[in-house]
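Participant: Just dropping this structure here.
In our numbering, the protein residues as written are -1 to 64.
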């Protein structure tokens, strides 16, 4: 059975992405560090399924990719 992303982890990821987009690196790191290991695994699997990685997602949210 695939790992599940908890509701808490989804909120932490959303907050981290928003913080990263506005350039608040400490808040982004705090949000990412708050995600539980099982949810991290599920996030990584879902990103891989669509051909992405967390660094690529962060770059996209910040607007660093064309």
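Ideal placement from N, C-alpha and C gives every residue a C-beta, glycine not left out.
For residue 11, which residues in the same chain have their Cβ closer than 6 angstroms to its Cβ, ignoring the five residues on either side in sequence?
Facilitator: Cβ within range, chain order: n/a, list empty.
Participant: Roughly how many whole angstroms lie between the Cα atoms of residue 45 and residue 24?
Facilitator: Roughly 23 angstroms between the two C-alpha positions.
Participant: Could you name each continuous alpha helix (DSSP H) segment of 4 residues or more that falls completely within the region 28 to 52, going from the start of the chain to the end?
Facilitator: Entirely contained in the region 28 to 52, the alpha helix (DSSP H) runs reaching 4 residues are, in chain order, 35 to 47.
Participant: Quick check: the Cα distance between residue 32 and residue 7, rounded to an integer number of angstroms?
Facilitator: Cα-Cα distance, rounded: 8 angstroms.
Participant: Could you check what DSSP says for residue 20 in three-state terms: helix, strand or coil?
Facilitator: In this structure, residue 20 counts as coil in the three-state DSSP scheme.
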